[in-house]
Structure formats: structure tokens, C-alpha cells
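Residue numbers (this note's numbering), protein chains in the order written: chain A, 1 to 411; chain B, 412 to 822.
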């Protein structure tokens, strides 16, 4: 893609009214635009990154046997009355049709998927079952000032699973947990599995996947020596306490952002919607249900919070919209065009800053802002070689074109 | 994919409460489930087909220079007040946040994209510009009984373009028109370009892309001898009149479904949102704006209306969720498994009906219902060969595995 054709270009001007790094940098580098607090447009650049994140979590969910579906966002009131959510959930957006029908905008989909799978789950042979979607949700947040970390409209991968026994649920949960950790790792994040409240409907513990960042809206206590981690909201420990799990270190406190979660829903929704299956003995039973959230848009924001410097974003390669930011300085356009084509033929995704009305210095600054993994410069000075620089390194090197794959391997 | 693992399986039972073929067949074959009138869930099978349709229109929009973005669905009241739509559009869903803010749910995105591109369109050098999205829309329909032909929640590809001159808009419109016709052709449809009203805000003619089908909700007059076609709503002709364009035949009347449309929006939204650019002479001008809708979910429904028989759906190959429905009869599972793998290695997408509790006759009926382009049977009787049958042909043939590509070419 050519920078000259990017409709939303990186800009020197820092946007006003941004309280978080992800908001500031994603706007300044041209990835998103805010329509109103908590509601964003994704530009061509931003959509490429979002699609990469979406596809990584899709692959991992398919690996654990999840099947992708797509559920509506407009929900009948009746479904939310059955679960109690219509009255109890304060972030639920409600609206009326002109004929007087009441709807909710989906803030989660237990109320839709539970009655949906009644036809699917008839017998123990139909279990376990796991369905997921990657779709938009709505939450009537009182405050939404954290960029794409907390949207009034945001996207999640939400998976739901059903099981014969608690044991089977726990086994599946363990698989999903590993898949989540792998997916976070693939997008460049380290997530801590954190004990948290199970929500208003249950006494059970849930697990949140937390990434340490000051932009987060949660406080956690974690052990530096083992994997123990608990949300401050339910913690019976405090910072400085000896880790109750490994006894080897003192607990630290940190701000964190919840990029995913898992709820053991037990039989709540099965009972609300009378979802039963016939067990091996021919008796009707309520299945055990789990739900697994993974924020796609929030993850994009957290990646920016974790990977940036004073110059801009530093995308991990798996989610960067392009691999290479190509800058040509004082060489014939046709020579730069040839390199642009060659790099693409080698399998790289290239953003070529082909503009004539920008100085090299300005282009370098914008390359840093956009945050692609590598910058390639073609100029008279580079001769037959090109200048190659990783975004996260200070020094550049002169390399031959065919050596670029080797250089990428060294990163 | 294995039929045994499909959560929503094809069923003999014709669903009640369906007024249209697309609704009946898409539910019965397991592609969608209705949550409420006009609001549907897409099952794993349905989502594969929807994704194929989405990607075809994306490719064609990229070809004409459109760039994909993603805009929000939750819109501030202010944007809709500026265009007049807040008061005038009766299908606009409205809602309030708990702090009393008014929102609309997007039924189109002129009100969002026009202010969005104010930063993009500064000078005549920034024109033309074309941006599109593939995203969900909401319409508060009084009646929504046509399956996925008329949703209260539905998906469209909506593109918007801006131009210096009327002439430039017309040229771009012509390119989009050809791209639309190609995209319809790729999904198996023939669309008629139909003159229609420009809507409530303009005296201009718009163009609708109409596919003849009794399930449609429009009436058109068309010439069997040339491309003349007009929506009955604005027609000054009637059925039986001599074609005013070619004079060679009499106009016919037909029911049709609008699968796409183009509006010449002139300067309306540019004026509403004060979107101007600097022309070559240094004067501020309002650009000419066009908008181009292409229904993805409706197109899926119209394809089913056009391609079905008493046995079920007959998908055109480009949008079929799989190429081949594989049935094994009385052979060892490992032999069928090998064929399933071989067909996939040959590049085919295969749905294998691996169930043991269904008779061959029932599997054949379900294969016809699901409507994949080809059915392949492996049995003792077929020996080293396999039985191959196109869904849209009556007879089957015994072929060797490596001849399947040739057979597909003969379709």
C-alpha cells in the first residue's frame, strides 16, 4: 500500500482530549478515529491490524474444537428477563421499536446462545459442545475514556461451551486457558491468569486474563515467583504478604487490563432456559456451561499500551498492519517501485511512503509513529544495498535485498 | 468438515411460520436460525457462505479503488439531526443511555462518514476518494417476514465516494456498476439496473440492482429486448407499453428483490456537515458524493430464492459452503477417511456425512437439501471408482478419483 493513498495519515499533531497512550497513538498514527467517547471507526490501517488479531484468536479457538457462528446484536427483552439481566445489568442498552417492542443490545450472548443450542444438545452424545463468535457488543458505560480499552461499542471473541460434568468442564477450561495464553503470546502479550469474582449470579471464582499496564482499570496482587494472581476486588491478601501459593516471595500490586475472562456458569443459564440433555441412564440433566471472552479491540489497545516509545507504536510483527515501511530518498521513482514490488514478491507486506511533499526526516518520524517492525530506506547513499532498521533497535544496517529474510530472522 | 460435528444439521422437518423459500430452506438445511422476525443467527455452515459473499464484493470494491474501513453502529443523535434523518426516517432505531444521551443505530452511514472524511478531503488532490465497509445495519421495519431478504438487523457492503465534478462521479459510478454486475455474476445472480426514486432528500434518479424473484418486495417494468428497467414506484410506463428505450419490445412486469443500489447524493451531506475542499483556483467547494449499497445477507437469501428445487438449495459453487458432499455406504471408515483427505488435498472443500445412524437415502436427501455443487458416494458397488453427481443434474457417473477435476470442468 502507498502512504500517499492512505486516507488517514500519521500526523505530527498529538490529538487533544486523549487520556491514554493507546487512544493518543492509535489516533495520531492513523489507526482509529473517535466518533464519541467509547465508540471508534477503524481506518484501513486499523482494520488490517484488527483482522490479524481476529484471525489469531479464531485459529486458537478452532484448535480447541470451537465452531464459529454469528449471533444477532438486537435481542428480545424476553431472553434478558429470563436470566434476570433485564433488571440487574446496568450497562445493558435498551430500546423500543416503533410498534412498542422492547429490545436489548447484546452486551454478552448467554441469553441468545442458550435457547439456540436447545435443539443441538439432546443427549449426552451431543456433549461437549463449543461455539464461538467474533462480534460487536454494547455496554452503556458511565465513563469511557480509555481509548479502545473500554468501549461502549467493542468487539470480542466470545465462546460458550456445554459439558456433562464439572470435571469435563474443568478439562475443557484448561485447554482454553492454554489456547488463550498462546493467542496472547502470538499477539505479543503476556497475560496473567487471575482469580476474580464470578459476577452477580454466582459464588464461583472466575478467571481473568490480565496484562500489566498502567492504563488498565483493575488492580491485582501477583506473586513474582509463581503464577499466583488475584484481583484486588476479591483478594484476602495484600501487597507485601507472603505468596499463599508458593510461599517463596512477597505479593506485588499492579494495575492491569483484563483482556479475557472465563466464567464457570454452572447450570444457571441451562435452568433459566430449560436446556436439558438425556444422560446415559435416560434422565434429563442440566449441562454445565462455560463462557470465554477474549477482547479483540481491547487487545489491540493493550498491545499499544505495552509497545510504544516516545516516537510512537512498536507493533509485534504478527499484528503489525505491514512488515516494512519503505522510504525512498532522491532516487528515481521507478527504482523505488521495483524495490516495492520485489519486497512484496518476497512475501513481505509493504507500506511505501511514496510522497514527494514530505522530507526524509518527516517520513522517518512517521515511520516510527506507525510502528511497523522494519524500516527500509533506498537512497543514492545506499548504492546497490538498502538501509534496514528494526523499529525496536537504534542502529540500521546496509544489506543486500536477498539478505532481508536472514535479517528478519535475527530480530 | 464432518456432518456428525455440525451443530445445526439439515432436517426433514419443514419449519413452520416461514413465508419465503429462503427462510424455509436456510433454516431447514441448517444455515440460519431466527431469533425473532428479521433477526437471525448464522450457523457454522451459514457463516462460511456469508464469508464467501463478503469476500467477493470486497475484491470487486478493492478493484475499483475502494478502501475498507469499519464504522460504529451506535451513532450520536447530533449527526442524524444535521441530515434531518433523526426526524424523517421512520425506520431509524433510537435509544438513550442511562445518563440521558440519545443515540441512533446506524441504518446507513452517510451521517458518520461525511464528518469523518473532513480531515481527508482538503484539496482537489484528495479527490476522488472511495471508502467502504462490510457491516451490520438496523432498520425498525414494521414487517419483516421475508427471511434474510428484509432484516431488522442485516449486513451490507456500503461504499461512499466523493468527487470534484458530476462528470467524475458519473465515471466512477459506471465503474462501480460494472463491478456490481460482476460481483452479482460471481455469486450466480443476474441483476437488472433499475431506475428508481432517489429517496426523500433528492429529485435525482437512483439506480437499484434488481434480481427477479417472486419473493422480492418491489415491482419493476423491464424490456425483454434491451436493458431498460424501471421501478413501478416512479414509472411513467406500464406493462405492455412499447419500450421507450429501444422501441423493439413491450415492457414486462415482474416482482424483484433489490440486492444493491446507488445514490447520487449530490452535495446534500457535504452541505449538512460543511465538508469542503479547495479547488484548483483556491476556492472552497462542496464535493459530489455517491453511495453504493450491496446487501450481503440479502444476496445470500436471493441466491436461495433463485436456486432451489423441491429437494432443497442448489448453491452456485462460488458461494457454496463446501464443494462436495461425501457419503460413504457400507465401506470401512478408514477408506472413507482416506478419500475425505484425498479430496481435500486436491483442493476441494468437503463436507463428509460420516454418520452411522442415518440411512443412505436419508443422507442423499440431506445432501440435496444442503445443496453443495457435487455429491460423491463411496460404496462397495463403486469399486475403485466413486459415484459423482452434480446437484443440478439428474444422473450420476462413476469416475476415477483423479478425473474429478475434469468432471468439475464439464459442469
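The beta-carbon is built from N, C-alpha and C at its ideal position, and this holds for glycine as well.
These figures come from a predicted structure and were not determined experimentally.
Task: Contacts around residue 414 (chain A), its chain only, beta-carbon distance under 8 Å, and the 5 residues preceding and following it disregarded - done: Since the first residue of chain A shown is 1 and the last is 411, residue 414 (chain A) is not available in this structure.
Open item on the list: Going by DSSP in three states, residue 531 (chain B) sits in which element: helix, strand or coil?
Closed with: To locate residue 531 (chain B), count along the second chain from 1; it is residue 120. Here residue 531 (chain B) sits in coil by DSSP.
- [ ] Kindly list the residues whose CB is nearer than 6 Å to the CB of residue 762 (chain B), restricted to its own chain and excluding five residues on each side of it in sequence; keep chain order.
- [x] Residue numbering aside, residue 762 (chain B) sits at position 351 when the second chain is read from its first letter. Counting only Cβ-Cβ distances below 6 Å, and skipping sequence neighbours, we find 412, 733, 736.
- [ ] Within the segment 617-645 of chain B, note down every full beta strand (DSSP E) run reaching 3 residues or more, in order along the chain.
- [x] Counting only runs of 3 or more, we get 629-633, 640-642.
Task: residue 536 (chain B) in three-state terms, based on DSSP - done: Taking the first residue of the second chain as position 1, residue 536 (chain B) is located at position 125. Note: residue 536 (chain B) maps to helix in three-state DSSP.
Open item on the list: If you measure between the beta carbons of residue 312 (chain A) and residue 25 (chain A), is that distance less than 9 Å?
Closed with: Counted from its first residue, the first chain places residue 312 (chain A) at position 312. Counted from its first residue, the first chain places residue 25 (chain A) at position 25. Yes; because the gap between Cβ atoms is below 9 Å, this pair is in contact.
Task: Top-ranked residue by Cα proximity to residue 782 (chain B), from B:480, B:658, B:716, B:444 - done: Locating residue 782 (chain B) in the second chain gives position 371, where the first residue counts as 1. Comparing Cα-Cα distances from residue 782 (chain B) to each of B:480, B:658, B:716, B:444, the minimum goes to B:716.
Open item on the list: I'd like to confirm the pairing. Which residues does DSSP put opposite residue 317 (chain A) in its beta bridges?
Closed with: The residue labelled residue 317 (chain A) in the question sits at position 317 within the first chain. According to DSSP, residue 317 (chain A) bridges with nothing at all.
- [ ] From the DSSP output, in three-state form, read off residue 690 (chain B) for me.
- [x] The residue given as residue 690 (chain B) occupies position 279 in the second chain. Residue state for residue 690 (chain B) is assigned as coil, using DSSP reduced to three classes.
- [ ] Apply the 10 Å Cβ neighbour rule to residue 454 (chain B) and answer buried if 16 or more other Cβ atoms are within range, or exposed otherwise.
- [x] On the second chain, position 43 is the one that residue 454 (chain B) refers to. So residue 454 (chain B) counts as buried.
TODO: Scan the segment 151-177 of chain A for residues whose Cβ lies nearer than 7 Å to a Cβ of chain B and list them as they occur along the chain.
DONE: Taking 7 Å as the Cβ-Cβ cut-off, the segment 151-177 of chain A approaches chain B at 152, 153, given in chain order.
Task: residue 232 (chain A) beta carbon near the ligand PLP (any heavy atom closer than 8 Å) - done: Judged by which ligands are present, the structure shown has none, so any question about the ligand PLP falls away.
Task: C-beta neighbour in chain B for residue 36 (chain A), strict 9 Å - done: Working through the first chain from its first residue, we reach residue 36 (chain A) at position 36. Residue 36 (chain A) has a beta carbon lying within less than 9 Å of a beta carbon in chain B.
- [ ] List the residues that DSSP assigns as beta-bridge partners of residue 195 (chain A).
- [x] On the first chain, position 195 is the one that residue 195 (chain A) refers to. Paired residues: A:207, A:230.
TODO: Using 10 angstroms around the beta-carbon of residue 478 (chain B), count the other beta-carbons present and answer buried if the total reaches 16, otherwise exposed.
DONE: As a position in the second chain, residue 478 (chain B) is number 67, starting the count at 1. Label assigned to residue 478 (chain B): buried.
- [ ] Say whether the segment 98-113 of chain A touches the segment 74-87 of chain A, bearing in mind that this needs 3 or more beta-carbon pairs closer than 8 Å, one atom from each stretch.
- [x] Under the Cβ criterion (8 Å, minimum of three pairs), the segment 98-113 of chain A counts as touching the segment 74-87 of chain A.
Task: Within chain B, partners of residue 39 (chain A) - CB distance below 7 Å - done: Counted from its first residue, the first chain places residue 39 (chain A) at position 39. Chain B residues near residue 39 (chain A): 483, 485.
Open item on the list: Measuring only the C-alpha atoms, how far is residue 546 (chain B) from residue 566 (chain B)?
Closed with: Within the second chain, residue 546 (chain B) is the residue found at index 135, counting from 1. Within the second chain, residue 566 (chain B) is the residue found at index 155, counting from 1. Near 5 Å, if we compare the C-alpha coordinates of residue 566 (chain B) and residue 546 (chain B).
TODO: Would you mind telling me which residues of chain B sit closer than 8 Å to residue 43 (chain A), beta carbon to beta carbon, in chain order?
DONE: Working through the first chain from its first residue, we reach residue 43 (chain A) at position 43. By Cβ distance, chain B contributes 480.
Task: Alpha carbon of residue 578 (chain B) to alpha carbon of residue 703 (chain B), nearest angstrom - done: On the second chain, position 167 is the one that residue 578 (chain B) refers to. On the second chain, position 292 is the one that residue 703 (chain B) refers to. In a straight line, the C-alpha of residue 578 (chain B) is about 17 Å away from that of residue 703 (chain B).
TODO: Would you please verify whether the beta carbon of residue 801 (chain B) is less than 9 Å from any beta carbon of chain A?
DONE: As a working mapping, residue 801 (chain B) is identified with position 390 in the second chain. No, its Cβ sits nowhere closer than 9 Å to a Cβ of chain A.
TODO: Could you pull the start and end residues of the alpha helix (DSSP H) that residue 337 (chain A) belongs to?
DONE: Your numbering for residue 337 (chain A) matches position 337 in the first chain. It spans 333-345 - the alpha helix (DSSP H) in which residue 337 (chain A) sits, taken as one unbroken run.
TODO: Would you mind sorting residue 284 (chain A) into buried or exposed? The rule is 16 or more other CB atoms within 10 Å of its CB.
DONE: In the first chain, residue 284 (chain A) corresponds to position 284, counting from 1. When all chains shown are included, residue 284 (chain A) counts as exposed.
Open item on the list: Along the segment 507-523 of chain B, where does the CB come closer than 9 Å to a CB of chain A? Name the residues.
Closed with: The segment 507-523 of chain B vs chain A, Cβ under 9 Å: 507, 508, 509, 510, 512, 514, 516, 523.
Open item on the list: Check whether the segment 462-475 of chain B and the segment 749-762 of chain B are in contact - that is, three or more C-beta pairs closer than 8 Å.
Closed with: The segment 462-475 of chain B makes no contact with the segment 749-762 of chain B, as fewer than three CB pairs between them are under 8 Å.
Task: Proximity below 9 Å, CB of residue 461 (chain B) to CB of residue 452 (chain B) - done: For the purposes of this step, residue 461 (chain B) is taken as the residue at position 50 of the second chain. For the purposes of this step, residue 452 (chain B) is taken as the residue at position 41 of the second chain. 9 Å or more divides the Cβ of residue 461 (chain B) from the Cβ of residue 452 (chain B).
- [ ] Enumerate in chain order the residues of its own chain whose CB-to-CB distance from residue 825 (chain B) is below 8 Å, with the five nearest sequence positions on each side excluded.
- [x] Residue 825 (chain B) is absent from the structure shown; chain B starts at 412 and stops at 822.
- [ ] Spatial neighbours of residue 32 (chain A) within its chain, please: CB distance less than 7 Å, with the 5 preceding and 5 following residues excluded, ordered by chain position.
- [x] Translated into the one-based positions of the first chain, residue 32 (chain A) becomes position 32. Excluding its 5 nearest sequence neighbours in each direction, residue 32 (chain A) has C-beta neighbours in its own chain below 7 Å: 26, 40, 41, 42, 43, 46, 148, listed in chain order.
- [ ] Note down, in chain order, each residue of its chain lying with its Cβ closer than 8 Å to the Cβ of residue 261 (chain A), except the 5 sequence neighbours on either side.
- [x] Along the first chain, read from residue 1 onward, the residue named residue 261 (chain A) stands at position 261. The residues are 196, 206, 207, 208, 209, 292, 293.
Open item on the list: Going by DSSP in three states, residue 73 (chain A) sits in which element: helix, strand or coil?
Closed with: The sequence position of residue 73 (chain A) within the first chain is 73, counting from 1. Under the three-state reduction of DSSP, residue 73 (chain A) is assigned to coil, being neither helix nor strand.
Task: Between the CA atoms of residue 125 (chain A) and residue 264 (chain A) - distance to the nearest angstrom - done: Mapped onto the first chain, residue 264 (chain A) falls at position 264. Mapped onto the first chain, residue 125 (chain A) falls at position 125. Residue 264 (chain A) and residue 125 (chain A): Cα-Cα distance of roughly 21 Å.
Task: Alpha carbon of residue 720 (chain B) to alpha carbon of residue 798 (chain B), nearest angstrom - done: Counted from its first residue, the second chain places residue 720 (chain B) at position 309. Counted from its first residue, the second chain places residue 798 (chain B) at position 387. For the pair residue 720 (chain B) and residue 798 (chain B), the Cα-to-Cα distance works out to about 22 Å.
- [ ] Output the distance between the C-alpha atoms of residue 707 (chain B) and residue 561 (chain B), rounded to the nearest integer angstrom.
- [x] Position 296 of the second chain, counted from the start, is the residue given in the question as residue 707 (chain B). Position 150 of the second chain, counted from the start, is the residue given in the question as residue 561 (chain B). Rounded to the nearest angstrom, the two C-alpha atoms are 12 Å apart.
Open item on the list: Check this for me: beta carbons of residue 269 (chain A) and residue 18 (chain A), under 9 Å apart or not?
Closed with: Start at 1 with the first residue of the first chain, and residue 269 (chain A) comes out as number 269. Start at 1 with the first residue of the first chain, and residue 18 (chain A) comes out as number 18. The Cβ atoms of residue 269 (chain A) and residue 18 (chain A) do not sit closer than 9 Å to each other.
Task: Distance between residue 590 (chain B) and residue 820 (chain B) (C-alpha atoms, nearest Å) - done: The residue you call residue 820 (chain B) lines up with position 409 of the second chain. The residue you call residue 590 (chain B) lines up with position 179 of the second chain. If I take the Cα positions, the gap works out to 25 Å.
Open item on the list: Which residues of the segment 547-558 of chain B have a Cβ closer than 8 Å to any Cβ of chain A? Give them in chain order.
Closed with: Result list: 547, 549, 551, 553.
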